[in-house]
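K.L.:
The following block contains the structure, expressed as structure tokens.
Number of protein chains: 2
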Amino acid sequence: MVPTTAMPIQGQPTHTNDMFLAATPSDRILSIQSHVSFGYVGGKAAVFPLQCMGYDVDVVNTVNFSNHSGYGDFGGTRTTAEELTRLFNLMEQSGVLIPGRLLTGYIPNADSLGAVHELVQKLKTANANLLYLLDPVIGDAGKVYVAENCVPLYRQMLPLATIITPNWFEVEVLTEIPLIDLPSLRAALHKLHKIYQVPNVVISSIPLTKLFTSLPSYLLPPTPTQLTPGTSFTNEINKPLDEEPPYLLCMASSINGDDDLGGGPLSTVYASCVPLIPGYFSGVGDLFSALLLGHFKLTQSVVSCPSSPPSAPPLSPDLSSQSFLAHATSHALSKTHDILTLTHESASLLDLTSSDDELDAREPGRMNRRMKGRELRLIQGQEVFRRKDWDGVKRMATWEGFWKD
Amino acid sequence: MVPTTAMPIQGQPTHTNDMFLAATPSDRILSIQSHVSFGYVGGKAAVFPLQCMGYDVDVVNTVNFSNHSGYGDFGGTRTTAEELTRLFNLMEQSGVLIPGRLLTGYIPNADSLGAVHELVQKLKTANANLLYLLDPVIGDAGKVYVAENCVPLYRQMLPLATIITPNWFEVEVLTEIPLIDLPSLRAALHKLHKIYQVPNVVISSIPLTKLFTSLPSYLLPPTPTQLTPGTSFTNEINKPLDEEPPYLLCMASSINGDDDLGGGPLSTVYASCVPLIPGYFSGVGDLFSALLLGHFKLTQSVVSCPSSPPSAPPLSPDLSSQSFLAHATSHALSKTHDILTLTHESASLLDLTSSDDELDAREPGRMNRRMKGRELRLIQGQEVFRRKDWDGVKRMATWEGFWKD
Numbered sequence: 039m040v041p042t043t044a045m046p047i048q049g050q051p052t053h054t055n056d057m058f059l060a061a062t063p064s065d066r067i068l069s070i071q072s073h074v075s076f077g078y079v080g081g082k083a084a085v086f087p088l089q090c091m092g093y094d095v096d097v098v099n100t101v102n103f104s105n106h107s108g109y110g111d112f113g114g115t116r117t118t119a120e121e122l123t124r125l126f127n128l129m130e131q132s133g134v135l136i137p138g139r140l141l142t143g144y145i146p147n148a149d150s151l152g153a154v155h156e157l158v159q160k161l162k163t164a165n166a167n168l169l170y171l172l173d174p175v176i177g178d179a180g181k182v183y184v185a186e187n188c189v190p191l192y193r194q195m196l197p198l199a200t201i202i203t204p205n206w207f208e209v210e211v212l213t214e215i216p217l218i219d220l221p222s223l224r225a226a227l228h229k230l231h232k233i234y235q236v237p238n239v240v241i242s243s244i245p246l247t248k249l250f251t252s253l254p255s256y257l258l259p260p261t262p263t264q265l266t267p268g269t270s271f272t273n274e275i276n277k278p279l280d281e282e283p284p285y286l287l288c289m290a291s292s293i294n295g296d297d298d299l300g301g302g303p304l305s306t307v308y309a310s311c312v313p314l315i316p317g318y319f320s321g322v323g324d325l326f327s328a329l330l331l332g333h334f335k336l337t338q339s340v341v342s343c344p345s346s347p348p349s350a351p352p353l354s355p356d357l358s359s360q361s362f363l364a365h366a367t368s369h370a371l372s373k374t375h376d377i378l379t380l381t382h383e384s385a386s387l388l389d390l391t392s393s394d395d396e397l398d399a400r401e402p403g404r405m406n407r408r409m410k411g412r413e414l415r416l417i418q419g420q421e422v423f424r425r426k427d428w429d430g431v432k433r434m435a436t437w438e439g440f441w442k443d
Numbered sequence: 039m040v041p042t043t044a045m046p047i048q049g050q051p052t053h054t055n056d057m058f059l060a061a062t063p064s065d066r067i068l069s070i071q072s073h074v075s076f077g078y079v080g081g082k083a084a085v086f087p088l089q090c091m092g093y094d095v096d097v098v099n100t101v102n103f104s105n106h107s108g109y110g111d112f113g114g115t116r117t118t119a120e121e122l123t124r125l126f127n128l129m130e131q132s133g134v135l136i137p138g139r140l141l142t143g144y145i146p147n148a149d150s151l152g153a154v155h156e157l158v159q160k161l162k163t164a165n166a167n168l169l170y171l172l173d174p175v176i177g178d179a180g181k182v183y184v185a186e187n188c189v190p191l192y193r194q195m196l197p198l199a200t201i202i203t204p205n206w207f208e209v210e211v212l213t214e215i216p217l218i219d220l221p222s223l224r225a226a227l228h229k230l231h232k233i234y235q236v237p238n239v240v241i242s243s244i245p246l247t248k249l250f251t252s253l254p255s256y257l258l259p260p261t262p263t264q265l266t267p268g269t270s271f272t273n274e275i276n277k278p279l280d281e282e283p284p285y286l287l288c289m290a291s292s293i294n295g296d297d298d299l300g301g302g303p304l305s306t307v308y309a310s311c312v313p314l315i316p317g318y319f320s321g322v323g324d325l326f327s328a329l330l331l332g333h334f335k336l337t338q339s340v341v342s343c344p345s346s347p348p349s350a351p352p353l354s355p356d357l358s359s360q361s362f363l364a365h366a367t368s369h370a371l372s373k374t375h376d377i378l379t380l381t382h383e384s385a386s387l388l389d390l391t392s393s394d395d396e397l398d399a400r401e402p403g404r405m406n407r408r409m410k411g412r413e414l415r416l417i418q419g420q421e422v423f424r425r426k427d428w429d430g431v432k433r434m435a436t437w438e439g440f441w442k443d
């Protein structure tokens with residue numbers, strides 16, 4: 039039994055009401071992902087930022103691990119499908135399974151993923167307006183993190199999502215389309231929107247080289263002479279600039295409602311080139327997805343595909359779902375960037391930015407020191423999450439002509 | 039495996055350095071207690087406030103439950119002793135078992151408590167300056183929450199603690215002294231300080247009736263005519279004022295170094311009468327203990343009993359360990375009070391303040407609605423934890439003559 043304890047209080051209130059953040063029932067988020075005791079990945083990277091933004095976050099841990107896998111040693115327990123289902127049932131019986139938003143991340147095997155799938159179906163049945171961000175954590179750069187039989191299950195879950203945040207590799211795995219150029223990216227996005235009925239797709243780290251020649255000039259990164267002093271131009275392996283521009287592309291695609299009527303393009307695509315901070319940081323995708331969900335404005339019409347039965351009046355042009363997605367993505371990118379910058383600066387002070395396999399092999403503990411030094415500085419940078427002054431945010435631009443051959 | 043993901047960044051930093059909180063290695067806290075998916079008890083009540091205060095908090099979950107026991111339904115998994123030990127070992131192997139402060143709370147059975155005991159011994163051996171707050175969660179008001187064989191283990195662990203935060207009932211169980219008056223309280227405190235070598239003892243909710251006639255007049259609560267308008271004088275069962283004053287006593291006792299030299303009293307005792315907020319809130323003790331640890335100033339001489347080998351120069355009078363304890367307790371009480379006030383106000387708006395067993399029995403779901411409404415408003419009141427302006431804090435007074443017959 040978890041103890042419940044009564045406690046005394048003292049004196050008179052010293053706060054005024056305006057000290058406190060406003061909260062409504064829809065501000066409750068259910069987060070289902072990994073837990074690590076030390077460091078910031080999975081729920082440890084997602085929950086605190088959302089709490090700082092004013093959300094009550096309910097937390098279900100799919101694993102209880104010591105630390106992330108970047109350290110030589112790591113491990114702990116995985117929550118079984120039966121344990122997950124029992125937790126969900128107990129929450130339902132207690133009347134506390136009431137999220138307005140749902141965030142799912144790392145789930146280690148297909149059985150557990152199946153339990154989460156059942157939960158999502160139940161929540162959507164009870165609340166058609168549930169805002170569900172599905173981060174289909176499968177792998178990265180050709181390496182798969184989860185059991186292979188998770189992939190078909192993720193495909194089944196896609197139609198339940200309001201937003202998905204796959205990386206480049208996960209788009210390839212989910213759609214079975216190798217991404218080599220603009221036409222293949224178009225085909226993959228088409229499949230996600232049309233076959234899998236996902237209204238909003240955000241891909242946050244696309245290698246710029248794949249699309250460089252297809253990008254409109256106004257979306258290209260600035261040339262070196264246009265760069266602000268202080269921007270780093272080295273990456274982990276110190277490739278010369280002309281060989282690989284240190285930029286990635288982030289794109290957000292929000293489905294349009296009128297394509298079946300012979301109208302405009304399937305979706306509106308927004309994009310932004312983002313400078314690469316050198317080195318490898320863990321938990322960044324988890325942080326980004328959480329911030330994206332936290333910044334997404336909630337309206338009835340953006341939580342399901344247009345082909346679903348309409349349940350809300352049409353939005354005014356300035357409040358379209360597209361602008362909601364671009365708005366949320368811009369702000370999530372901006373806050374993620376500021377935390378990464380702070381983390382990189384702190385790691386630089388400790389001289390922990392470079393990854394040198396040879397030195398690591400020679401000196402035991404060196405890799406773990408570097409990993410520790412590169413844990414996200416969420417606590418030290420927490421003011422970023424509370425920031426409500428949006429003047430500094432770079433807005434994403436519409437990728438005009440994305441769907442045109 | 040927990041995935042590690044690289045992520046792009048965007049634009050230039052928009053923060054200035056003074057936006058970020060300062061942090062040092064000693065700011066890292068290891069918290070070992072319960073986890074609930076919904077609501078705020080155990081780690082969910084402790085971790086977020088400490089993070090808001092600027093601490094990196096490492097989190098080991100002793101249970102993973104759905105919600106607290108006040109709801110009709112609750113449950114989940116308990117972390118076994120083997121699982122706890124494995125987590126601690128993996129953290130050690132990864133070089134991330136490096137807390138400057140340790141907080142332990144609810145641990146459901148003696149085997150798990152034994153694993154935590156071993157960890158504390160290891161941490162103290164590695165770092166004699168470890169600041170350890172032990173909340174000996176055993177029970178409350180005559181009811182025991184944990185396995186009975188936890189009690190002797192807690193007694194073995196007491197000498198390792200810097201601060202303990204037992205409630206009235208837990209002091210009775212640990213010392214085997216029924217607390218009925220001032221002499222029995224004196225005997226119990228003497229045992230905790232001298233036999234169990236605990237340098238700092240904080241008891242936060244002492245029924246005032248037990249000690250009313252023994253308190254110096256300057257420690258007594260104000261008479262009704264002195265009270266500020268708005269202070270509530272009803273409690274859950276609406277007892278008239280003259281029958282049971284709605285106040286509790288909080289006391290903090292910090293051992294003195296010179297009693298063996300024939301000098302002053304064994305400890306300096308501080309006290310404060312605190313008005314009782316009506317009704318029952320869960321997780322308040324967990325929040326209070328976390329805030330107490332977070333506010334405690336760290337010096338070498340306050341982490342062990344004076345009878346231990348001295349390892350630090352003596353402190354200047356204005357930085358004595360006593361003032362550290364009174365300072366931390368005052369601030370923890372103040373912040374806890376503000377959160378409780380906000381929670382009570384929110385529950386009042388929902389008409390959820392009273393506990394009416396008959397109505398609960400007649401209407402299913404009523405109790406759970408009340409429980410939900412009375413979950414601590416940590417998110418909505420988070421500015422309280424970041425507050426650095428201490429003007430409004432009521433300082434505890436020294437209980438002069440506590441040790442005199």
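Protein chains in written order, with the working numbering: chain G, 39 to 443; chain U, 39 to 443.
Ideal placement from N, C-alpha and C gives every residue a C-beta, glycine not left out.
This structure is a prediction, so every number in the text was calculated from the model and none was measured.
(1) Spatial neighbours of residue 191 of chain U within its chain, please: CB distance less than 7 Å, with the 5 preceding and 5 following residues excluded, ordered by chain position.
(2) What is the DSSP secondary structure of residue 89 of chain G, counted as helix, strand or coil?
(3) Is residue 309 of chain G near residue 441 of chain G, with beta carbons less than 8 Å apart?
(4) Would you please verify whether the beta carbon of residue 395 of chain G is less than 8 Å from any beta carbon of chain C?
(5) Considering Cα atoms alone, identify which of G/93, G/78, G/166 is closest to residue 414 of chain G.
(6) Comparing C-alpha positions only, which one of U/126, U/113, U/170, U/110 sits nearest to residue 138 of chain U?
(7) Let me know the alpha helix (DSSP H) ranges lying completely inside the segment 107-176 of chain G, each 4 residues or longer, listed in chain order.
(8) Let me confirm a value: residue 255 of chain U is counted as buried when at least 16 other C-beta atoms fall within 10 Å, else exposed. Which label applies?
(9) What residue from U/186, U/236, U/407, U/204 has the CA that sits closest to residue 197 of chain U's CA?
(10) Find out if the Cβ-Cβ distance for the pair residue 103 of chain G, residue 114 of chain G is shorter than 8 Å.
(11) Between the beta-carbon of residue 212 of chain G and the beta-carbon of residue 305 of chain G, is there less than 8 Å?
(12) Helix, strand or coil for residue 314 of chain G, going by three-state DSSP, please let me know.
(13) So residue 220 of chain U and residue 249 of chain U are in contact, right, with Cβ under 8 Å, and what is the actual spacing, rounded?
(14) What number of angstroms, rounded off, separates the C-alpha of residue 403 of chain G from the C-alpha of residue 200 of chain U?
(15) Can the beta-carbon of residue 85 of chain U be found less than 8 Å from the beta-carbon of residue 105 of chain G?
(16) Quick check: what's the CA-CA separation for residue 417 of chain U versus residue 89 of chain G?
(17) Rounded to a whole number of angstroms, what is the C-alpha to C-alpha distance between residue 145 of chain U and residue 187 of chain U?
(18) Quick check: is the beta carbon of residue 132 of chain G nearer than 8 Å to any beta carbon in chain U?
(19) Can you check whether the CB of residue 75 of chain G is closer than 8 Å to the CB of residue 97 of chain U?
(20) Quick check on residue 128 of chain G: buried or exposed, where buried means 16 or more other Cβ atoms within 10 Å of its Cβ?
(21) Starting from residue 285 of chain G, trace the alpha helix (DSSP H) in both directions and tell me its first and last residue.
(22) Could you name the residues of chain U that residue 104 of chain G contacts, counting a contact when the two beta carbons are closer than 7 Å?
(23) Who pairs with residue 67 of chain U in a beta bridge, going by DSSP?
(24) Identify every residue that forms a DSSP beta bridge with residue 103 of chain U.
(25) Grouping DSSP H, G and I as helix and E and B as strand, with all else coil, what is residue 443 of chain U?
(26) To the nearest angstrom, how far is the alpha carbon of residue 223 of chain U from that of residue 230 of chain U?
(27) Could you compute how far the alpha carbon of residue 431 of chain U sits from the alpha carbon of residue 368 of chain U?
(28) Return the CA-CA distance between residue 208 of chain G and residue 175 of chain U, expressed in angstroms with no decimal places.
(29) Going by DSSP in three states, residue 432 of chain U sits in which element: helix, strand or coil?
(30) Would residue 408 of chain G be called buried (16 or more neighbouring beta carbons within 10 Å of its own) or exposed?
(31) Measure the alpha-carbon distance for residue 245 of chain G versus residue 381 of chain U and round it to whole angstroms.
(32) According to DSSP, is residue 426 of chain G helix, strand or coil?
(33) By Cβ distance below 8 Å, which residues in the same chain neighbour residue 159 of chain U in space, the five residues on each side in sequence not counted?
(34) Which parts of the segment 191-273 of chain G are runs of the beta strand (DSSP E), unbroken and 3 residues or longer, counting only runs that do not cross its ends?
(35) Taking residue 117 of chain G and residue 101 of chain G to be in contact with their CB atoms under 8 Å, please state how far apart those CB atoms are, rounded to whole angstroms.
(36) In this structure, how does DSSP classify residue 320 of chain U when only helix, strand and coil are distinguished?
P.N.:
Looking at the coordinates:
(1) If you ignore the 5 residues before and after residue 191 of chain U, its C-beta comes within less than 7 Å of the C-beta of 148, 151, 152, 155, all in its own chain and listed in chain order.
(2) Of the three classes helix, strand and coil, the one that applies to residue 89 of chain G here is helix, per DSSP.
(3) No, they are not a contact pair.
(4) No chain C is part of this structure, whose protein chains are labelled G and U.
(5) The closest CA to that of residue 414 of chain G, considering only G/93, G/78, G/166, is found on G/78.
(6) Checking every option, the nearest Cα to that of residue 138 of chain U belongs to U/170.
(7) Given a length threshold of 4 residues, each whole run of the alpha helix (DSSP H) inside the segment 107-176 of chain G is given here in chain order: 119-131, 148-164.
(8) Here residue 255 of chain U is exposed, its C-beta having fewer than 16 other C-beta atoms within 10 Å.
(9) Ranking U/186, U/236, U/407, U/204 by Cα distance to residue 197 of chain U puts U/236 first.
(10) For the pair residue 103 of chain G and residue 114 of chain G, the CB atoms are nearer than the 8 Å cut-off.
(11) Residue 305 of chain G is positioned such that its CB atom lies no closer than 8 Å to that of residue 212 of chain G.
(12) Note: residue 314 of chain G maps to coil in three-state DSSP.
(13) Between residue 220 of chain U and residue 249 of chain U, the beta carbon gap of about 6 Å places them in contact (Cβ cut-off 8 Å).
(14) Rounded to whole angstroms, residue 403 of chain G to residue 200 of chain U spans 31 Å at the Cα level.
(15) Contact: no.
(16) Taking the straight line joining both Cα atoms gives about 6 Å.
(17) Whole-angstrom Cα-Cα distance: 12 Å.
(18) For residue 132 of chain G, the answer is yes, since a Cβ of chain U falls inside 8 Å of its Cβ.
(19) It is a contact, given that the beta carbons lie within the stated cut-off.
(20) So residue 128 of chain G counts as buried.
(21) For residue 285 of chain G, there is no enclosing alpha helix (DSSP H); the enclosing beta strand (DSSP E) covers residues 285-293.
(22) In chain order: 125, 128, 129, 132.
(23) Bridge partners of residue 67 of chain U: U/95, U/139.
(24) In the DSSP assignment, residue 103 of chain U is bridged to U/74, U/114.
(25) Assignment of residue 443 of chain U by DSSP, reduced to helix, strand and coil, places it in the coil class.
(26) Going by C-alpha positions, residue 223 of chain U is about 11 Å away from residue 230 of chain U.
(27) It is roughly 7 Å from the alpha-carbon of residue 431 of chain U to the alpha-carbon of residue 368 of chain U.
(28) Distance from the CA of residue 208 of chain G to the CA of residue 175 of chain U, rounded to the nearest whole angstrom, comes to 46 Å.
(29) In the three-state reduction of the DSSP assignment, residue 432 of chain U falls in the coil class, being assigned neither a helical nor a strand state.
(30) Per the 10 Å Cβ criterion, buried.
(31) Between the C-alpha atoms of residue 245 of chain G and residue 381 of chain U there is a straight-line separation of about 49 Å.
(32) Reduced to three states, the DSSP call for residue 426 of chain G is coil.
(33) Here residue 159 of chain U has 198 as same chain residues with Cβ atoms under 8 Å from its own Cβ, once five neighbours each way along the sequence are excluded.
(34) Counting only unbroken stretches of 3 or more residues, the beta strand (DSSP E) elements lying wholly within the segment 191-273 of chain G are 238-245, in sequence order.
(35) The beta-carbon distance between residue 117 of chain G and residue 101 of chain G, rounded to whole angstroms, is 7 Å. This is short enough to meet the 8 Å contact definition.
(36) In the structure shown, residue 320 of chain U sits in coil (DSSP, three-state: anything other than H, G, I, E or B).
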